């Protein structure tokens, strides 16, 4: 796949996502779509309040003359205070008497509003106003009756409060969803400055530092990743926004028929709102976790940054689901025996438990030690939570409102998988020649990183993992030496043609043996007598885990610091760098990798690249960065790229902070680390 197709597919993904987001605005029926976007529940409030007082479930309201006349009397008396016009009343009359909140104009009442009102007034005149009975809630209605003001006020306040609350829920949900997704775009606007001043470089270097301490890539107590200062600012916004939008506005209306006390009122409002905000968070949650995320291209933020935000939004979602479940459980505690048997309650419990289980099974130690198991569990329970959430909402409101967020979340998930399939299909099925030291992937020209699927390696055919691309073209007849190295293997795919061109597209990868998938792959290689095996492979490409590498074009010099197989990320950058000076410092445990890449390194030397290889000993990162920052005769920005062990990356980050925030030249830090 050509590199330019990656942003194109992301843009298509983004456009389809916008269609999903704006779909609710196309619905015009009252009560449907998103409340707060011109949708309503009760229009007019006065008429709905009248109907609520005299509702009789044992009769057909469309043909009940006593009901229609009583309703007309109430509407005529109560609605003028709200300035409700006759056309609005008649629209309500023909569409809502039989259905309540959601209008249905296919069935009509026995008589029109004007006719029912005339008949009711005749009844009052005939028996005398003092002899007209009053409606008693819960009792059958047998004659034209009056409605007590106190009964009507309870229902009126309840409906005004409910609609206002739902409107606030909807607007807050839209606000949290849109700002969470598009705030990164706003925060990255400064990078578009035609020429970056020194203060901007120093600010960027400062924001790249860990919030506390000196470790960012290295986990804290093997439990969590310390965010950078820039990431922490965004997380702080998320915390403030989630708390604010889940809490405010908080208005108490008394008296009302929904909840008798202020405490129950707040339980209802915050309980409902946290549920709505939780499903609205599905947008950011799934966009940030997707591989085809256009924000990667717009913002230049690292994929690992979006995955970090994905986890934080997930924490908020789980907390909000828990609050939603707890508050509504307490609110309906007296009816628990009945409510717990209803479909909305059952599916709500299923969805809540599915979300809750995602937290302990997604902590860093689990992801590191049993990544494949984590991934399967995460996908299955996330899908279960999504389906259960939809059914919970459906059994409450059918297709009236709120389910749109589930459509958006499911749409994001589907579109991301669809574009993954397109990327795989564009490359077709390839052969991977896997050896202990060498191999090439034939017929595929890629850059950045790719995901490889080995469907024949084990029964877990769906497993795929990201790898950085070392190179994409090799000359015909070029041979690569090889040897055994238990620490690192190369994975490659090769195809053969009878009349090959001068150069063939090939993707060369270096893969370090770790637990899980790579250990299985290495075991198969070692078990082979020739220490080389051929497997069918599916290649999903191209991806860029860190599009900040585009900022290197502004730099006059480049420093790449690599550790082990981290050289795979550095070599392509050095090849394409167009500045005046470039330097590669590579620390590696064994000389096998150095010998394997000797031809690549030799090519760089002929181009004037300064190369330093440290075999079996530690690279002095701090002095290396200081030397480049203080290099005489070079006043342009310095690009610093690091790809290696976590400790090395943290040392480079600390050195850039030390010299970059007070140096005489700007610095661009690119951390090519990739982690989940």
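Residue numbers (mature numbering (1 follows the signal peptide of the UniProt record, and there is no 0)): -29 to -1, 1 to 647. The beta-carbon is built from N, C-alpha and C at its ideal position, and this holds for glycine as well. From a predicted model like this one, the values you see are computed outputs, not experimental measurements.
Contact with chain C by residue 592, beta-carbon distance below 8 angstroms: You won't find chain C in this structure, because it holds only one protein chain.
Cβ-based burial, residue 214 [other Cβ within 10 Å; buried from 16]: Translated into positions along the chain shown, residue 214 becomes position 243. Residue 214 comes out exposed.
Contact between the region 559 to 568 and the region 609 to 625 (3+ Cβ pairs under 8 angstroms): In the pairwise beta carbon analysis, the region 559 to 568 is classified as not touching the region 609 to 625: fewer than three pairs are separated by under 8 angstroms.
Euclidean distance between Cα positions of residue 458 and residue 313: Numbered from 1 along the chain shown, position 487 holds the residue referred to as residue 458. Numbered from 1 along the chain shown, position 342 holds the residue referred to as residue 313. The pLDDT assigned to residue 458 is 35, lower than 50, so where the model puts this residue is not dependable, and the model offers no usable value.
Proximity winner among 579, 581, 529, 580, relative to residue 606 (alpha-carbon distances): Numbered from its first residue, the chain shown carries residue 606 at position 635. Of the candidates 579, 581, 529, 580, 529 places its Cα closest to the Cα of residue 606.
Spatial neighbours of residue 506 in its chain, beta-carbon cut-off 7 angstroms, leaving aside the 5 residues before and after: Translated into positions along the chain shown, residue 506 becomes position 535. For residue 506, same chain residues with a beta-carbon under 7 angstroms away, outside a window of 5 residues either side, are 403, 405, 425, 427, 428 in chain order.
Exposed unless 16 or more other CB atoms sit within 10 angstroms - verdict on residue 307: For this step, residue 307 is matched to residue 336 along the chain shown. By the Cβ-count criterion, residue 307 is exposed, with fewer than 16 other Cβ atoms from all chains shown falling within 10 Å of its own Cβ.
Unbroken beta strand (DSSP E) run spanning residue 532, endpoints: Here residue 532 refers to the residue found at position 561 of the chain shown. Taken as a continuous stretch (DSSP letters only), the beta strand (DSSP E) holding residue 532 covers 528 to 534.
Cβ-based burial, residue 370 [other Cβ within 10 Å; buried from 16]: Counting from one through the chain shown, the residue named residue 370 turns up at place 399. Exposed is the call here.
Exposure of residue 234, with buried meaning 16 or more beta-carbon neighbours within 10 Å: Mapped onto the chain shown, residue 234 falls at position 263. Residue 234 sits exposed, since fewer than 16 C-beta atoms from the chains shown fall within 10 Å of its C-beta.
Three-state secondary structure (DSSP) of residue 592: Your numbering for residue 592 matches position 621 in the chain shown. In the structure shown, residue 592 adopts helical secondary structure according to DSSP, grouped into three states.
Reference residue 669, options 298, 499, 479, 55, closest by Cα: In this structure the chain extends from -29 to 647, so residue 669 is not present and cannot be described.
CB of residue 38 within 8 angstroms of CB of residue 25, strictly: Position 67 of the chain shown, counting from 1, holds the residue named residue 38. Position 54 of the chain shown, counting from 1, holds the residue named residue 25. Result yes, Cβ atoms of residue 38 and residue 25 sit closer than 8 angstroms.
At least 3 beta-carbon pairs within less than 8 angstroms: the region 483 to 500 vs the region 384 to 393: No, the region 483 to 500 does not touch the region 384 to 393.
Assumed close pair residue 145, residue 21 - CB separation to whole angstroms, cut-off 8 angstroms: Your numbering for residue 145 matches position 174 in the chain shown. Your numbering for residue 21 matches position 50 in the chain shown. Actually they are not in contact, since the Cβ atoms of residue 145 and residue 21 sit about 32 angstroms apart, beyond 8 angstroms.
For residue 57 and residue 46, believed in contact at Cβ under 8 angstroms, the rounded distance: Within the chain shown, numbered from 1, the residue matching residue 46 stands at position 75. Within the chain shown, numbered from 1, the residue matching residue 57 stands at position 86. Rounded, the Cβ-Cβ distance is 10 angstroms, inconsistent with contact.
Nearest to residue 151 (by Cα), restricted to the options 432, 280, 112, 329: Within the chain shown, the letter at position 180 stands for residue 151. With distances taken between Cα atoms, residue 151 lies closest to 280.
DSSP-derived helix/strand/coil call for residue 437: Taking the first residue of the chain shown as 1, we reach residue 437 at position 466. Residue state, collapsed to three classes: strand.
Beta-carbon proximity list for residue 534, same chain, < 6 angstroms, skipping 5 on both sides: On the chain shown, position 563 is the one that residue 534 refers to. Cβ-Cβ distances below 6 angstroms link residue 534 to 558, 615, 616, 619 in the same chain, with the five nearest sequence neighbours on each side left out; the list follows chain order.
Pick from 218, 430, 251, 253 that is closest to residue 236, judged by C-alpha positions: Numbered from its first residue, the chain shown carries residue 236 at position 265. Ranking 218, 430, 251, 253 by Cα distance to residue 236 puts 218 first.
Residue ranges of each alpha helix (DSSP H) within the region 363 to 429, 4 or longer: List check, alpha helix (DSSP H) in window: 375 to 398.
Contact check, residue 253 vs residue 377, beta carbons under 8 angstroms: Numbered from 1 along the chain shown, position 282 holds the residue referred to as residue 253. Numbered from 1 along the chain shown, position 406 holds the residue referred to as residue 377. Taking 8 angstroms as the cut-off, the beta carbon of residue 253 is found closer than this to the beta carbon of residue 377.
Cα-Cα separation, residue 550 to residue 527: Position 579 of the chain shown, counting from 1, holds the residue named residue 550. Position 556 of the chain shown, counting from 1, holds the residue named residue 527. Distance between the alpha carbons of residue 550 and residue 527 is about 5 angstroms.
Whole-angstrom distance between residue 626 and residue 604, CA atom to CA atom: Position 633 of the chain shown, counted from the first residue, corresponds to residue 604. Position 655 of the chain shown, counted from the first residue, corresponds to residue 626. Those two C-alpha atoms are separated by around 21 angstroms.
Buried or exposed (CB count within 10 angstroms, at least 16 for buried), residue 598: For the purposes of this step, residue 598 is taken as the residue at position 627 of the chain shown. Under a 10 Å Cβ-count criterion, residue 598 is classified as exposed, with fewer than 16 other Cβ atoms of the shown protein chains found around its own Cβ.
Residue 397 versus residue 438: straight-line alpha-carbon distance, rounded: For the purposes of this step, residue 397 is taken as the residue at position 426 of the chain shown. For the purposes of this step, residue 438 is taken as the residue at position 467 of the chain shown. Near 18 angstroms, if we compare the C-alpha coordinates of residue 438 and residue 397.
Inter-residue Cα distance where the pair is residue 222 and residue 361: Along the chain shown, one-based indexing puts residue 222 at 251. Along the chain shown, one-based indexing puts residue 361 at 390. Pairing residue 222 with residue 361, the inter-Cα distance amounts to about 28 angstroms.
According to DSSP, residues forming a beta bridge with residue 191: What you label residue 191 is simply residue 220 of the chain shown in a count that begins at 1. DSSP lists 195 as partners of residue 191.
Beta-carbon gap between residue 522 and residue 264 smaller than 8 angstroms: Translated into the one-based positions of the chain shown, residue 522 becomes position 551. Translated into the one-based positions of the chain shown, residue 264 becomes position 293. No, these two residues do not count as a Cβ contact at 8 angstroms.
Contact the region 287 to 303 vs the region 337 to 348: 3+ CB pairs below 8 angstroms: Touching, no, given that fewer than three Cβ pairs across the two stretches are closer than 8 angstroms.
Straight-line Cα distance separating residue 231 from residue 365: Residue numbering aside, residue 365 sits at position 394 when the chain shown is read from its first letter. Residue numbering aside, residue 231 sits at position 260 when the chain shown is read from its first letter. Rounded to the nearest angstrom, the two C-alpha atoms are 27 angstroms apart.
Continuous alpha helix (DSSP H) assignments of at least 4 residues falling wholly in the region 195 to 278: Segments of the alpha helix (DSSP H) lying fully in the region 195 to 278: 200 to 218, 233 to 260, 266 to 270.
Spatial distance of residue 121 from residue 158 (CA atoms): In the chain shown, counting from the first residue as 1, residue 121 sits at position 150. In the chain shown, counting from the first residue as 1, residue 158 sits at position 187. C-alpha separation (whole angstroms): 53 angstroms.
Euclidean distance between Cα positions of residue 267 and residue 591: On the chain shown, residue 267 is found 296 positions in, with the first residue counted as 1. On the chain shown, residue 591 is found 620 positions in, with the first residue counted as 1. Using only the alpha carbons, I get a separation of about 32 angstroms.
Range of the contiguous beta strand (DSSP E) that encloses residue 554: By one-based count along the chain shown, residue 554 stands at place 583. Note, residue 554: beta strand (DSSP E), 552 to 559.
Exposure label - residue 211; buried when at least 16 CB within 10 Å: On the chain shown, residue 211 is found 240 positions in, with the first residue counted as 1. Counting Cβ neighbours within 10 Å, residue 211 comes out exposed, since fewer than 16 surround it.
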